[in-house]
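Protein chains in written order, with this note's numbering: chain A, 0 to 211; chain B, 0 to 211; chain C, 0 to 211.
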Amino acid sequence: MEKLHALYTFLDLAGTFVFAISGAVAAKQRGLDMFGICAIAFTVACGGGIIRDLCIGAIPPAGFTNWRYLVAAIISTGMTIGLYPLVQRLNHPVIFFDALGLSLFAVTGAQKTLAYGHNSEVAVLLGITTAVGGGVMRDILLNRVPIILEKEIYASAALVGALIVVAGNYFKWFSSDWVSIIALIVCFVLRLLALRYRWNLPVYSNDKTGSN
Amino acid sequence: MEKLHALYTFLDLAGTFVFAISGAVAAKQRGLDMFGICAIAFTVACGGGIIRDLCIGAIPPAGFTNWRYLVAAIISTGMTIGLYPLVQRLNHPVIFFDALGLSLFAVTGAQKTLAYGHNSEVAVLLGITTAVGGGVMRDILLNRVPIILEKEIYASAALVGALIVVAGNYFKWFSSDWVSIIALIVCFVLRLLALRYRWNLPVYSNDKTGSN
Amino acid sequence: MEKLHALYTFLDLAGTFVFAISGAVAAKQRGLDMFGICAIAFTVACGGGIIRDLCIGAIPPAGFTNWRYLVAAIISTGMTIGLYPLVQRLNHPVIFFDALGLSLFAVTGAQKTLAYGHNSEVAVLLGITTAVGGGVMRDILLNRVPIILEKEIYASAALVGALIVVAGNYFKWFSSDWVSIIALIVCFVLRLLALRYRWNLPVYSNDKTGSN
């Protein structure tokens, strides 16, 4: 239990940090000011978790009460502004950090929902929400169609991660820690493979209804 | 009571289903992938209800806990993808389904808020929110000004429906079931008439302030 | 306590009213119909407070339960439509009303969060959220990048106001009333000075990474 808690805290903070960096990079590329960058970083980092906490009745949401989240958002804003050449040198930094945060949040979101005693369906849906909520908010604030609705397998990877968490906890194949780690790796690898090989879910465009 | 509950459940599921179809059609027309279509369908179907449940303290929101909503969203996604020529043959499918869902949700939203013991004002406002919330979310996600703010009498019809529910429950003219049915029909007919005859609320444009 | 409560109620209603006017003006300039103007006015006026109330567990949110908020929104809609030449004669009405509402809401938001027994960090973050939440919702609904992320010191002023409230309540320099008044004046003056002298937070654009 102690170990699970430590793992959970670590995953949650790591996810917060990488999501904050992805938000800060997107906001910086859009030319927002320092506060705007920090606000978008915080939104991406905590937005999904705040929606999850509102829905499971964890009031006030952890994103607001726990100073570590705010510090993670501020540090990643500072890093993105101060060490941008470094951040830039990583290939496609936004997308890479995004994939890592996605996996981390899908797993922790589903785990926390189960820990609050809700059923499997809620855990899967709120796992996805935790994972993609912040990114969707970022895209809404930056006034564009959310990337998750148009691009390669993204929320589907979060769905797979959350499903593994729920199935693992249901069938008790492994300890809860191992379930989390497996779900995390599967989701992350799936997302990276989707990016690498440009896997997309089928699109059903209007013009070609006949040919599909 | 039993009968009310059955009616309530039926109206809620029917509203979910038609709203999901309206969302799926809009997402398909925008060229989103399968997951994007399903996500928009689920958002339109459950978005307003989830906001309502958060505001009245029904935690976790019914949209997440009840597998029937998710199934309704998935089925309508499948229908919209697989049977699109059929869906298309209906004249202006999005707008028609939208009007039906609007009426159903305004009524069930106001009824549920009253059932949770909140006052009439909350019931009216959350009736409207349940009715238009999902559609507003759809338009925000698809990056356009919400249709309800620009087009023919829409949220106003939901307002009328919710007002009838609240007044009917307050003055006890009829049984609660009949109040729901009357409110539903009035709201639906009002919306269809507004579409047919292009009824609009007055617009106060800037340039013509003097002439209004 | 009585006096604090009266002051709190007054500030809250005044903030609601000026925010509603700012929302109504923006919606009118966009050519929305009467319902759309009223909806945007209500959203700007109560949106931030509703998010705050959901996050601190004040269910149902005050914006829905208290008829005075709705009346304030309706009156300001009427004023903006009927007395537009008057509203227009005020220089830059949207921005001026916005600054006043911003200060009022940052202070009342932080005070209410503290009154519900949450910690300082939650109070600061929800003070900012109360202040800018409605405006951000307005910009999302009108389909533009939120003004607060691009323009002169805005949310930063709310941050300063909320910080003064929290610090004042923590160190007990003055009575809570005086703390509110001081925070309000500092935030308002800071915002007006930022507008007057075009103070901006530093922007870190991509192209000039080397020169920054």
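All residues carry an ideal CB built from backbone N, CA and C; glycine is no exception.
These figures come from a predicted structure and were not determined experimentally.
Per-residue burial, Leu140/A [other beta carbons within 10 Å of its own, 16 or more giving buried]: Translated into the one-based positions of the first sequence, residue 140/A becomes position 141. Buried, because 16 or more other Cβ atoms sit within 10 Å of the Cβ of Leu140/A.
Using 8 angstroms as the threshold, is the C-beta distance between Gly22/A and Thr129/A below it? Taking the first residue of the first sequence as position 1, residue 22/A is located at position 23. Taking the first residue of the first sequence as position 1, residue 129/A is located at position 130. Contact flag unset, no.
With distance defined between alpha-carbon atoms, name the residue in Ile39/A, Phe9/A, Ala98/A and Thr112/A nearest to Val185/A. Locating residue 185/A in the first sequence gives position 186, where the first residue counts as 1. When each option's Cα is compared against that of Val185/A, the closest is Ala98/A.
Should Pro59/A be labelled buried (16 or more other beta-carbon atoms within 10 Å of its own) or exposed? Position 60 of the first sequence, counting from 1, holds the residue named residue 59/A. It counts as buried.
Tell me, to the nearest whole angstrom, how far the beta carbon of Leu125/B is from that of Cys54/B; I am working on the premise that it is less than 8 angstroms. Start at 1 with the first residue of the second sequence, and residue 125/B comes out as number 126. Start at 1 with the first residue of the second sequence, and residue 54/B comes out as number 55. Confirmed, Cβ separation roughly 6 angstroms.
For Val106/B, which residues from the same chain have a beta carbon less than 6 angstroms from its beta carbon, with the 5 sequence-adjacent residues on both sides left out? Numbered from its first residue, the second sequence carries residue 106/B at position 107. Gly160, Val164, Ser179, Ala182 and Leu183, listed in sequence order.
Distance cutoff 8 angstroms, beta carbons only. Does Lys207/B sit that close to anything in chain C? Locating residue 207/B in the second sequence gives position 208, where the first residue counts as 1. For Lys207/B, the predicted model reports a pLDDT of 40, less than 50, meaning its position is unreliable and no value from the coordinates is stated.
Cβ-based burial, Phe9/C [other Cβ within 10 Å; buried from 16]: One-based indexing of the third sequence puts residue 9/C at position 10. Phe9/C is classed as exposed because its beta carbon has fewer than 16 other beta carbons within 10 Å across all chains shown.
Among Ile147/C, Val24/C and Val123/C, which one has its Cα closest to the Cα of Tyr169/C? Counting from 1 along the third sequence, the entry for residue 169/C is found at position 170. For Tyr169/C, the nearest C-alpha among the options comes from Val123/C.
Mind checking which residues open and close the alpha helix (DSSP H) that includes Phe187/A? One-based indexing of the first sequence puts residue 187/A at position 188. For Phe187/A, the uninterrupted alpha helix (DSSP H) run begins and ends at Ser175 to Arg195, by DSSP.
Simplified DSSP state of Tyr115/A, which is helix, strand or coil: Taking the first sequence and counting its residues from 1, the one referred to as residue 115/A is at position 116. Tyr115/A falls in the coil class under three-state DSSP.
Please list the partners that Ala154/A has in chain B, where partner means a Cβ-to-Cβ separation under 7 angstroms. Residue 154/A sits at position 155 when you count from the first residue of the first sequence. By Cβ distance, chain B contributes Phe34 and Ala38.
Quick one: using the 10 Å Cβ neighbour count with 16 as the cut-off for buried, is Thr15/A buried or exposed? Within the first sequence, residue 15/A is the residue found at index 16, counting from 1. With 16 or more Cβ atoms within 10 Å of its Cβ, Thr15/A is classed as buried.
From Lys171/C, Pro145/C, Asp176/C and Ser175/C, residue whose alpha carbon lies closest to that of Asp32/A: As a first step, residue 32/A is located in the first sequence; it is residue number 33 there, counting from the start. Here the closest residue by C-alpha is Pro145/C.
Within the continuous alpha helix (DSSP H) that includes Ile147/A, where are the two ends? To locate residue 147/A, count along the first sequence from 1; it is residue 148. Here Ile147/A belongs to no alpha helix (DSSP H), and DSSP marks it neither H nor E.
Between Arg143/B and chain C, is the shortest Cβ-Cβ distance under 8 angstroms, so that the two count as touching? Counted from its first residue, the second sequence places residue 143/B at position 144. Arg143/B counts as touching chain C.
Can you give me the Cβ contacts of Ala13/A inside the same chain, cut-off strictly under 7 angstroms, excluding the 5 residues immediately before and after it? Within the first sequence, numbered from 1, the residue matching residue 13/A stands at position 14. Within its own chain, the residues whose Cβ lies closer than 7 angstroms to the Cβ of Ala13/A, once the five positions on either side in sequence are excluded, are Leu103, listed in chain order.
Which residues in the same chain as Ala212/C place their Cβ atom closer than 8 angstroms to its Cβ, once the five residues preceding and following it in sequence are excluded? In the structure displayed, chain C extends from 0 to 211; residue 212/C sits before or after that span and is not available.
Between Gly30/A and the rest of its own chain, which residues show a CB-CB distance below 6 angstroms, the 5 nearest in sequence each way excluded? Along the first sequence, read from residue 1 onward, the residue named residue 30/A stands at position 31. If we look at Gly30/A and ignore the five residues flanking it on each side, it has no Cβ neighbours.
According to DSSP, simplified to helix, strand and coil, what is Asn168/B? The residue labelled residue 168/B in the question sits at position 169 within the second sequence. Three-state DSSP puts Asn168/B in a helix.
Does any C-beta atom of chain A lie closer than 8 angstroms to the C-beta of Ile139/B? Indexing the second sequence from 1 puts residue 139/B at position 140. Output row for Ile139/B: interface = yes.
Taking the alpha helix (DSSP H) that Leu82/A falls in, what are its first and last residues? Looking up residue 82/A in the first sequence gives position 83. Counting along the chain, Leu82/A falls outside any alpha helix (DSSP H), and DSSP gives it neither H nor E.
Can you confirm whether Asn118/A, when its beta carbon is compared against all beta carbons of chain D, has any partner nearer than 8 angstroms? Protein chains in the displayed structure are A, B and C, and chain D is not among them.
Which residue's Cα is closest to the Cα of Leu166/A: Ser155/A, Glu120/A, Val17/A and Leu69/A? Here residue 166/A refers to the residue found at position 167 when the first sequence is read from its first residue. Here residue 166/A is Ala; the residue named in the question, Leu, does not match the sequence. That would be Glu120/A, whose Cα lies nearest to the Cα of Ala166/A.
Under 8 angstroms between C-beta atoms, does Val106/C make it to chain A? For this step, residue 106/C is matched to residue 107 along the third sequence. Interface with chain A (8 angstroms Cβ-Cβ cutoff): Val106/C is excluded.
With burial defined as no fewer than 16 other Cβ atoms inside 10 Å of the residue's Cβ, what is the status of Asp176/A: buried or exposed? Residue numbering aside, residue 176/A sits at position 177 when the first sequence is read from its first letter. Classification of Asp176/A: exposed, given that the 10 Å Cβ count is below 16.
Just reading off the alpha helix (DSSP H) that Ala61/C is part of, what are its end residues? Your numbering for residue 61/C matches position 62 in the third sequence. From DSSP, the alpha helix (DSSP H) with Ala61/C extends over Ala61 to Thr64.
Mind checking if Leu124/C is an interface residue toward chain A, Cβ cutoff 8 angstroms exclusive? Taking the first residue of the third sequence as 1, we reach residue 124/C at position 125. Yes, contact with chain A.
Separation of Ile152/C from Gly133/B, as counted between CA atoms: In the second sequence, the residue the question calls residue 133/B occupies position 134. In the third sequence, the residue the question calls residue 152/C occupies position 153. Using only the alpha carbons, I get a separation of about 33 angstroms.
From the DSSP output, in three-state form, read off Ala5/C for me. Here residue 5/C refers to the residue found at position 6 when the third sequence is read from its first residue. Note: Ala5/C maps to helix in three-state DSSP.
Checking contacts by CB at 8 angstroms: is Cys45/A closer than that to chain B? Stepping through the first sequence from its first residue, residue 45/A is reached at position 46. Not an interface residue.
Indicate whether at least one CB of chain B lies closer than 8 angstroms to the CB of Leu53/C. For the purposes of this step, residue 53/C is taken as the residue at position 54 of the third sequence. For Leu53/C, the answer is yes, since a Cβ of chain B falls inside 8 angstroms of its Cβ.
What in chain C is Cβ-close to Thr56/B, meaning under 8 angstroms? Along the second sequence, one-based indexing puts residue 56/B at 57. The amino acid occupying residue 56/B in the given sequence is Gly; Thr does not appear at that position. Within chain C, the residues near Gly56/B are Ile58 and Pro59.
Select from Trp198/B, Ile147/B and Ile20/B the residue whose C-alpha is nearest the C-alpha of Ala26/C. Mapped onto the third sequence, residue 26/C falls at position 27. Cα-wise, what sits closest to Ala26/C is Ile147/B.
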